[in-house]
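Asker: Provided herewith is a single structure, encoded as structure tokens, for subsequent inquiry.
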Amino acid sequence: MSGRIAHWLEASRGSGVILIVALLGLWQFSALYVLDTPTWPPVTRILQAWYENIVDGTLIRHLLATLWRQMLGYWLAVALGIGLGLAMGYYRLIYNLLEPLIEVFRPIPGPAYLPVLVLFVGIGHEMKVVLIMVASLFPILLNTYGGVRSIDPVQFDTARTLGLTTPQTLREVVLPAASPQILTGMRISLAISLILAILSEMIVSNDGLGYFTLLAERTFKVPDMYAGIFTLAMFGYALNRLFLVAEARLIRWHQESSGRR
Amino acid sequence: MADYLAIERLSKQFNAHGHAACRDVSFTVGEREFVALIGPSGCGKSTLLHIVAGLSAPTSGKVQLRGEAVNAPRPDMMFVFQQYNKSIFPWKTVLDNVCLGIKYRSAAPRREIEERGRAQLKLVGLGRYVDYYPYQLSGGMQQRVAIARALARRPEILLMDEPFSALDALMRVELQDLLMWLWQEVGLTILFVTHDLDEALYVAQRIVVLSASPGSVAEIVQVPLPYPRNQVETRRDPLYLKLREHLYNLMVAQVVAGRAEAS
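As given, the protein sequences belong to chains A and B, one line each in that order.
Residues 190 to 450 in our numbering are what the first sequence spells out, letter by letter.
Residues 5 to 267 in our numbering are what the second sequence spells out, letter by letter.
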């Protein structure tokens with residue numbers, strides 16, 4: 190009997206799910222019987238607020254606002270990062286020209302661009318998109334040129350003996366060879382883009398999940414605030430899962446040949 | 005008449021003061037000839053082959069094919085790399101790998117290109133594996149894919165850089181026989197780099213022996229053993245054994261001379 194339990198603990202993540210449920214139970218119990226304060230509402234009260242905000246469309250509207258600006262900034266960063274990264278990885282001259290500049294800008298934390306962008310782009314939608322793009326750019330850029338530069342010379346020689354032109358080599362060899370690293374950068378940036386979207390919404394905005402959550406706290410709608418955070422948790426989780434599924438399909442060859450499944 | 009493939013006084017020095025990979029190497033390869041290039045490790049034989057292919061530039065000297073200088077890779081001369089696991093692109097299926105060298109060179113419809121690819125794969129015994137990915141194949145099969153990909157471009161010459169040295173003994177033997185068969189069947193000229201003198205002796209008509217670093221031609225050995233050769237019969241032929249002894253002594257002498265020069 191204990192053998193079967195031990196096996197289950199090892200073979201599945203069911204115990205992790207049980208832990209989450211148990212913690213929610215503890216929260217519920219403590220909110221009802223121990224900490225009687227408005228800052229710590231019972232889980233049932235939060236779920237109720239969550240449900241109400243979904244049904245009346247409020248959360249959906251804010252979620253879509255966040256998703257739209259995040260995706261816009263993120264995909265701009267993907268396009269720019271891969272484009273520049275390929276050029277830097279492939280052409281030594283471009284690498285030498287841009288790499289020092291990138292090393293100077295890279296250590297600046299994303300949020301630090303915000304005041305500058307407010308001065309130049311204002312406090313509207315464009316500012317947030319640009320902020321998300323700038324902060325998401327570096328992981329993709331660095332991983333792309335790192336990936337290209339670590340391609341084995343044999344693969345470039347093979348492309349040459351097969352008579353491939355530069356655009357053909359980029360498409361058939363360089364991009365796929367670097368894709369595992371590019372996707373690593375894209376996954377890091379996906380998380381960063383969500384952080385920057387929420388942050389910019391908390392500072393200046395009139396929609397988005399960051400705005401909704403902070404506004405709920407400031408107007409003492411504490412269950413709404415937790416509902417906003419719950420939504421963010423679900424949203425972030427879903428994005429990451431989606432990314433992993435897409436990644437597994439795109440670079441199946443890599444995961445299979447390196448024994449990672 | 006000019007020689008078919010002529011390597012003339014090739015030298016390669018990696019930097020101004022650094023050591024030379026090879027020095028003053030000259031030899032020729034006749035049309036449809038099978039020539040092996042052997043030498044102790046580090047003698048620059050692989051560097052030499054890269055220069056012949058036009059993948060790398062010599063410090064001095066030249067390579068000529070039918071009297072025409074070779075400065076860049078060309079479709080009638082295909083290179084087969086030692087590292088098949090890198091050279092065969094893991095993100096492409098076997099068929100896509102084979103078609104990569106021909107699909108941009110002809111206006112033929114995709115179906116026709118794929119048909120040509122399939123035919124090449126059948127020729128190397130991989131007709132059933134067109135839709136496989138390289139990671140699903142053994143090393144020997146991956147190197148067969150590389151050979152099929154080279155042959156798909158209908159080259160006259162195959163330049164092979166220790167193509168079988170990463171394979172286990174049984175696969176190596178199988179591929180040696182396959183290569184000799186293809187050489188006669190397709191009518192190829194082959195320049196084959198190896199460090200294994202048994203392999204050189206078994207497959208080639210002529211063996212160019214390089215001295216230790218920096219490599220230069222120590223001797224050219226004729227191998228008048230008849231084809232088709234057989235792994236058992238040929239290897240116990242008295243002529244084979246005599247040539248083997250000669251080559252062995254030659255190689256040992258090169259290694260000893262190389263050590264003496266280094267110290």
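Backbone N, C-alpha and C define an ideal beta-carbon position, used for all residues, glycine too.
Suppose contacts are defined by Cβ-Cβ distances below 7 angstroms. Is Ile329 (chain A) in contact with Gly374 (chain A) by that definition?
Answerer: Closer than 7 angstroms, so yes.
Asker: Consider the Cβ of Met5 (chain B): report whether some Cβ of chain A lies at a distance smaller than 7 angstroms.
Answerer: Because Met5 (chain B) carries a pLDDT of 44, less than 50, the predicted location of this residue cannot be relied on, and the following value inherits that uncertainty. No, no contact with chain A.
Asker: What is the rounded straight-line gap between the Cα of Leu9 (chain B) and the Cα of Ser64 (chain B)?
Answerer: Cα to Cα, the separation comes out at about 17 angstroms.
Asker: For Gly299 (chain A) and Ser394 (chain A), what's the separation of their Cα atoms in angstroms?
Answerer: Their Cα atoms are separated by approximately 18 angstroms.
Asker: Nearest to Asp346 (chain A) by alpha carbon, out of B:Phe85, B:Phe18, B:Ala257?
Answerer: Comparing Cα positions, the closest option is B:Phe85.
Asker: What are the residues that DSSP puts in a beta bridge with Thr193 (chain B)?
Answerer: Per DSSP, B:Ile161.
Asker: Which residues in the same chain have their Cβ closer than 7 angstroms to the Cβ of Asn253 (chain B), if we skip the five residues on either side of it in sequence?
Answerer: Answer for Asn253 (chain B): no residue qualifies.
Asker: Please confirm whether Gln370 (chain A) has its beta-carbon closer than 7 angstroms to some beta-carbon of chain B.
Answerer: No - not a single Cβ of chain B is within 7 angstroms of the one on Gln370 (chain A).
Asker: Strictly under 7 angstroms for the Cβ-Cβ distance: is Arg450 (chain A) near chain B by that measure?
Answerer: Caution applies to Arg450 (chain A), whose pLDDT of 45 falls short of 50 and renders its modelled position unreliable; the model cannot decide the point.
Asker: Leu130 (chain B) and Val98 (chain B) look like a contact to me (Cβ under 8 angstroms); what is the Cβ gap, rounded to whole Å?
Answerer: Right, their Cβ atoms sit about 7 angstroms apart.
Asker: Taking the C-alpha atoms as reference points, what is the distance between Val207 (chain B) and Gly336 (chain A)?
Answerer: Val207 (chain B) and Gly336 (chain A): Cα-Cα distance of roughly 40 angstroms.
Asker: Is there a Cβ from chain A that is less than 7 angstroms from the Cβ of Gly105 (chain B)?
Answerer: Cβ-Cβ to chain A under 7 angstroms: yes for Gly105 (chain B).
Asker: Given a threshold of 16 other Cβ atoms within 10 Å of its Cβ, counted over all protein chains shown, does Ala195 (chain A) qualify as buried or as exposed?
Answerer: So Ala195 (chain A) ends up on the exposed side.
Asker: So, using beta-carbon positions, are Tyr263 (chain A) and Ser382 (chain A) closer together than 7 angstroms?
Answerer: Going by C-beta atoms, Tyr263 (chain A) is nearer than 7 angstroms to Ser382 (chain A).
Asker: Please decide whether Trp185 (chain B) counts as near chain A, where near means a Cβ-Cβ distance under 7 angstroms.
Answerer: No, Trp185 (chain B) does not count as interfacial toward chain A.
Asker: Arg349 (chain A) touches chain B at which residues, Cβ-Cβ below 7 angstroms?
Answerer: By Cβ distance, chain B contributes Leu59, Pro77.
Asker: What's the call for Met423 (chain A), buried or exposed, on a 16-neighbour Cβ count within 10 Å?
Answerer: Exposed, since its Cβ has fewer than 16 Cβ neighbours within 10 Å.
Asker: With a threshold of 6 angstroms on Cβ separation, who are the neighbours of Leu171 (chain B) within its own chain once the five nearest residues in sequence on each side are excluded?
Answerer: Closer than 6 angstroms at Cβ, skipping near neighbours: Gly143, Gly144.
Asker: Hey, would you say Gln17 (chain B) sits closer than 7 angstroms to Ile92 (chain B), going by beta carbons?
Answerer: No. Outside cutoff.
Asker: Would you report the Cα separation of Glu361 (chain A) and Asn19 (chain B), rounded to the nearest angstrom?
Answerer: Spanning the two alpha carbons is a distance of roughly 33 angstroms.
Asker: Any beta carbon of chain A sitting closer than 7 angstroms to that of Pro94 (chain B)?
Answerer: It does; some Cβ of chain A falls within 7 angstroms.
Asker: Looking at C-alpha atoms only, which residue of B:Leu201, B:Ala152, B:Phe196, B:Arg233 is the closest neighbour of Val33 (chain B)?
Answerer: Comparing Cα-Cα distances from Val33 (chain B) to each of B:Leu201, B:Ala152, B:Phe196, B:Arg233, the minimum goes to B:Phe196.
Asker: DSSP state of Cys103 (chain B), grouped into three classes?
Answerer: The answer is helix: DSSP assigns Cys103 (chain B) an H, G or I state.
Asker: Give the residues of chain B in contact with Trp442 (chain A), contact being defined as C-beta atoms less than 7 angstroms apart.
Answerer: The contacting residues are Pro94, Trp95, Tyr137, Tyr139.
Asker: Cutting at 7 angstroms between CB atoms, please list the residues of its own chain near Leu247 (chain B), excluding the five before and the five after it.
Answerer: Hits under 7 angstroms: Leu205, Val225, Val227.
Asker: Hey, Gly126 (chain B) and Gln344 (chain A) are a contact pair by Cβ (cut 8 angstroms); roughly how many whole angstroms apart?
Answerer: Here residue 126 (chain B) is Lys; the residue named in the question, Gly, does not match the sequence. The Cβ separation is near 26 angstroms, so there is no contact.
Asker: Could you give the distance in angstroms between the alpha-carbon of Val102 (chain B) and the alpha-carbon of Ala152 (chain B)?
Answerer: Roughly 6 angstroms between the two C-alpha positions.
Asker: If distances are taken between C-alpha atoms only, which option among A:Thr402, A:Ser378, A:Ile377 comes closest to Ile387 (chain A)?
Answerer: Of the candidates A:Thr402, A:Ser378, A:Ile377, the one whose C-alpha sits nearest the C-alpha of Ile387 (chain A) is A:Thr402.
Asker: With DSSP run on the structure shown, which of helix, strand or coil describes Ala25 (chain B)?
Answerer: In this structure, Ala25 (chain B) counts as strand in the three-state DSSP scheme.
Asker: Using three-state DSSP, classify Gly452 (chain A) as helix, strand or coil.
Answerer: Residue 452 (chain A) falls outside the range modelled here, since chain A spans only 190 to 450, and no answer is possible.
Asker: In whole angstroms, give me the CA-to-CA distance for Leu155 (chain B) and Ile117 (chain B).
Answerer: Those two C-alpha atoms are separated by around 13 angstroms.
Asker: What separation, rounded to the nearest whole angstrom, lies between the Cα atoms of Leu431 (chain A) and Leu379 (chain A)?
Answerer: Answer to the nearest angstrom: the Cα atoms are 11 angstroms apart.
Asker: Kindly indicate which three-state DSSP category Ile312 (chain A) falls into: helix, strand or coil?
Answerer: If DSSP states are grouped into helix, strand and coil, Ile312 (chain A) belongs with coil.
Asker: Determine, using beta carbons only, whether Gly336 (chain A) comes closer than 7 angstroms to chain B.
Answerer: Not an interface residue.
Asker: Any beta carbon of chain B sitting closer than 7 angstroms to that of Glu445 (chain A)?
Answerer: For Glu445 (chain A), the answer is yes, since a Cβ of chain B falls inside 7 angstroms of its Cβ.
Asker: Over what stretch of residues does the alpha helix (DSSP H) that includes Phe294 (chain A) continue unbroken?
Answerer: Its alpha helix (DSSP H) spans residues 281 to 294.
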